[in-house]
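Letter by letter, the sequence shown follows residues 7 to 624 of this note's numbering. The C-beta atom is built at its ideal place from N, Cα and C for all residues, glycine as well. Fair warning: this is a prediction, and the values are worked out from it, not measured in the lab.
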Amino acid sequence: MGKVIGIDLGTTNSLVAWMTPSGPQIVPDEEGRGLLPSCVAFDEAGKPVVGSVARQGKAAPAERTFFSIKRFMGRGLTDFTGELQYLPYPVAGDSRSVRFPVGSRSYTPVQLSAMILATLKRRAERFLGEFILNEVVITVPAYFNDAQRQATKDAGEMAGLDVLRIINEPTAAALAYGLDQKKEGTIAVYDLGGGTFDVSILRLEGGLFQVLATAGDNQLGGDNIDDLLTALFLAEIKQHHGLDLSDDRMWIGRLRRLAEEAKKDLSTQEMVRLQVDLPEGKLWDRYVTRNDFEQLIAPLVERTLGPCAQALKDAGLSAQAMDEVVLVGGSTRIPLVKARVAQLFGRTPHDELNPDEVVALGAAVQADVLAGGTKDVLLLDVTPLSLGIETLGGVMSRLIDRNNPIPCQARETFTTAVDGQTGIEVHVLQGEREIAQDNRSLARFTLTGFPPMPAGLPKVEITFLIDANGILRVTARELRSEVEARVEVRPSYGLGEDAIEQMLEDAYAHGEDDLIRRQLIEARVEAERRFPKAEELLAEMVAVVPAAALEPMQAALESLRGVCAEQDYKAINTAIEVLEESARPLVELRVNQATQSALGNASIDELLQKVEQARRQV
Ligand code: ADP
Ligand code: MG
């Protein structure tokens, strides 16, 4: 039987695994190594070199040696701020994409990731021979958004792989862990790798792996620690030796490797000594203690606690309710990280599974499930972020809430706001904020060509479908005319908007504000709808009743106009009610009048129609 392989395409390291009769196993390279450094360098001839030779800086100079490529998947250059300053290689692009220049050419993150995937594919082919199918399960951080998932799938296809499924890394880790330990109960998976942080809460029960909630930060990991240390080193060298190396790619590359080295050593040692021969015959000699290091990184570690609290809250569980806490990712080897996680959950986390391998092993389990091998395992994952569309007044109308089990589908009907409208623009959004522009814009498309109808009559049905990969498809259909538009939400890979984690943080920080802003917008839209109708009623009744009878309604209308210009949605809603009240006697009069005038010279149908017409409320 053919094998489907599982791949962990990591920020730092990538692995490929497959299922053997005795459980999932990592596929080694010719030298017996499992980890493939996720690094691509371009040699003199422009030929790509993938893996450890590239990683060690031996294949090419620093400006043609690319690592942490995953940080750029599905994002635009303007999504990044200061953090790119200490990268030894150049990065180009715009708000929608990132490119890595190499001489006269340039590569996208998807292309470089495809090179890494193709290397793993060849490794599996050599090891498994004829057994390998080209089918694969690839893992992504749970907190990857739609664009980042699409980019990963594209990279797989570019490498000649048939991507059967994209699964979430912490879920994969739980799969490997659960099968290994035959555990039942509720577990938290805390995954801090090179570039991303994810936390998932899962329930394991009789082969069912159900994700209850997930949260994270897709720009937080060991890379940020390396950035901090590199910046510190550069500043110190400048201060003590008057050497500004911050524009020297070779030096940034060297200091960065030194930083990572020191960081790793500090996981087991209390102190490291740095000794570097600087240019101009100068010597930089310094000790870094674990205490110094912990002070430097404490804010980064604290940033992981917010998503933990949020995932627990979304799952409706307390930290103490976890039966087990599983650590995944190389950065969880840092003692401070372990300590903070232990403190948060009130228990010692599980770290005996190899944090480097567990994700790939889980991917192999899921691959085997899809190939029909492993049978008694079912995975139910969730979508990390809410999805919706922009509606009147620029608010986000949510169709699918975050942490909804996938695959799933949601459908809602919308209508037009203007008479004779023959098209409707659909703006697809992802995020937790109330106001559309605060969320990530995934796509915009227009459904056009339906016949003109009065406002409110067309029925535009919008369907969101999230497949098992967490990838979204949107369809819009006008039901009366059957006009349809379908979009696979092809990513606008990064629109230069807020990072996802920022969006969530903001949603929490601004929860109250957002709601008020939304209510204000809605109240104003409501008021706007009343103005023309009220004007119309007043105009019709001028000739019918004495001026004094119109005064209460005129006053109510004025007062509504006044409060609309202010910020108090409650006052607007109250003023709308007052206007409705004041209009009621006039509407009744209009009804009577219509009845009178129609009596005698109209059919009963005409009469009813006239009365119906007159009865319309303000
Ligand atoms: P990814 O899944 O993003 O590829 P990994 O889980 O392989 O990441 O973790 C890689 C990160 O872990 C890197 O930032 C690396 O420097 C860091 N790391 C690896 N070993 C250690 C260690 N002993 N102490 C601290 N950090 C480590
Ligand atoms: Mg990882």
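If you count every other CB in all the chains shown that lies within 10 Å of the CB of residue i, and 16 or more means buried, which is it?
{"i": "N174", "result": "buried"}
{"i": "P497", "result": "Model confidence at P497 stands at a pLDDT of 46, short of 50, so the residue's coordinates are unreliable; what they give is reported in the following sentence. Classification for P497: buried."}
{"i": "Y183", "result": "buried"}
{"i": "T220", "result": "buried"}
{"i": "P411", "result": "exposed"}
{"i": "N360", "result": "exposed"}
{"i": "M256", "result": "exposed"}
{"i": "N297", "result": "exposed"}
{"i": "P313", "result": "buried"}
{"i": "E330", "result": "buried"}
{"i": "A625", "result": "In the structure as shown, the chain begins at 7 and stops at 624. Residue 625 is therefore absent and cannot be evaluated."}
{"i": "E484", "result": "buried"}
{"i": "E534", "result": "exposed"}
{"i": "G500", "result": "Bear in mind that a pLDDT of 35 at G500, under 50, signals an unreliable position, so the number given afterwards is only what the model happens to contain. Under this definition G500 is a buried residue."}
{"i": "K634", "result": "Any question about residue 634 goes unanswered here, given that the chain covers just 7 to 624."}
{"i": "P30", "result": "buried"}
{"i": "A513", "result": "Its pLDDT being 46, under 50, A513 is placed unreliably by the model, and the measurement read from it follows with that caveat. So A513 counts as buried."}
{"i": "G82", "result": "buried"}
{"i": "Q619", "result": "exposed"}
{"i": "T26", "result": "exposed"}
{"i": "D250", "result": "exposed"}
In angstroms with no decimal places, state the Cα-to-Cα distance between residue i and residue j.
{"i": "Q154", "j": "V116", "result": "10 Å"}
{"i": "A589", "j": "E583", "result": "10 Å"}
{"i": "K288", "j": "L306", "result": "33 Å"}
{"i": "T422", "j": "N445", "result": "23 Å"}
{"i": "G409", "j": "G222", "result": "Here residue 409 is Asn; the residue named in the question, Gly, does not match the sequence. Using only the alpha carbons, I get a separation of about 12 Å."}
{"i": "G63", "j": "R70", "result": "9 Å"}
{"i": "D382", "j": "I11", "result": "19 Å"}
{"i": "A505", "j": "I303", "result": "Note on A505: pLDDT 35, under 50, position unreliable in the model; the coordinate value appears next. Those two C-alpha atoms are separated by around 21 Å."}
{"i": "L41", "j": "R292", "result": "32 Å"}
{"i": "F106", "j": "Y95", "result": "8 Å"}
{"i": "D473", "j": "R171", "result": "10 Å"}
{"i": "L167", "j": "W24", "result": "15 Å"}
{"i": "R404", "j": "R346", "result": "35 Å"}
{"i": "V343", "j": "G335", "result": "11 Å"}
{"i": "S252", "j": "E358", "result": "40 Å"}
{"i": "A529", "j": "G455", "result": "31 Å"}
{"i": "L185", "j": "G213", "result": "8 Å"}
{"i": "D476", "j": "Q91", "result": "Strictly speaking, residue 476 in this sequence is Gly, with Asp absent from that position. If I take the Cα positions, the gap works out to 32 Å."}
{"i": "I340", "j": "D229", "result": "13 Å"}
{"i": "L453", "j": "G399", "result": "19 Å"}
{"i": "L240", "j": "F351", "result": "37 Å"}
{"i": "E363", "j": "I527", "result": "50 Å"}
{"i": "R622", "j": "L391", "result": "42 Å"}
{"i": "E89", "j": "A482", "result": "40 Å"}
{"i": "A130", "j": "V33", "result": "6 Å"}
{"i": "A2", "j": "A60", "result": "Given that the chain is displayed from residue 7 to residue 624, the structure contains no residue 2 and the question cannot be resolved."}
{"i": "T580", "j": "D574", "result": "10 Å"}
{"i": "C414", "j": "S28", "result": "34 Å"}
{"i": "H433", "j": "K159", "result": "23 Å"}
{"i": "L393", "j": "T295", "result": "46 Å"}
{"i": "R523", "j": "L435", "result": "18 Å"}
{"i": "L563", "j": "E557", "result": "10 Å"}
{"i": "R209", "j": "H247", "result": "55 Å"}
Could you tell me how far apart the beta carbons of residue i and residue j are, in whole angstroms, since I believe they sit closer than 8 Å?
{"i": "I441", "j": "V401", "result": "6 Å"}
{"i": "T397", "j": "K465", "result": "Between K465 and T397 the Cβ distance is about 15 Å, and since that is not below 8 Å, they are no contact."}
{"i": "S44", "j": "F73", "result": "7 Å"}
{"i": "G259", "j": "A68", "result": "3 Å"}
{"i": "A491", "j": "F451", "result": "6 Å"}
{"i": "V56", "j": "A366", "result": "Between A366 and V56 the Cβ distance is about 17 Å, and since that is not below 8 Å, they are no contact."}
{"i": "L311", "j": "V282", "result": "Contact flag wrong, Cβ pair sits at about 35 Å."}
{"i": "V205", "j": "A317", "result": "5 Å"}
Inter-stretch contact at 8 Å, needing at least 3 Cβ pairs: the stretch 423–437 / the stretch 446–460: Under the Cβ criterion (8 Å, minimum of three pairs), the stretch 423–437 counts as touching the stretch 446–460.
The stretch 95–112 / the stretch 143–159 touching (three or more Cβ pairs under 8 Å): Contact fails: fewer than three Cβ-Cβ distances are below 8 Å.
Cβ pair count under 8 Å reaching 3, the stretch 188–200 against the stretch 11–27: yes
4-residue-minimum alpha helix (DSSP H) runs that sit fully inside the stretch 315–351, ordered along the chain: Taking only runs of at least 4 residues, the alpha helix (DSSP H) segments lying wholly in the stretch 315–351 are 341–351.
Segment contact, 8 Å Cβ cut-off, at least three pairs: the stretch 137–148 with the stretch 363–382: Contact check between the stretch 137–148 and the stretch 363–382: three or more CB pairs, one atom from each, fall below 8 Å, which counts as touching.
Contained beta strand (DSSP E) runs [length at least 3] in the stretch 39–115, N- to C-terminal order: Counting only runs of 3 or more, we get 46–48, 54–56, 104–108, 111–113.
4 or more residues per run - each alpha helix (DSSP H) lying fully within the stretch 148–216: 152–164, 175–187
Length-filtered (3 minimum) beta strand (DSSP E) runs lying within the stretch 378–415: 384–388, 393–397, 401–406
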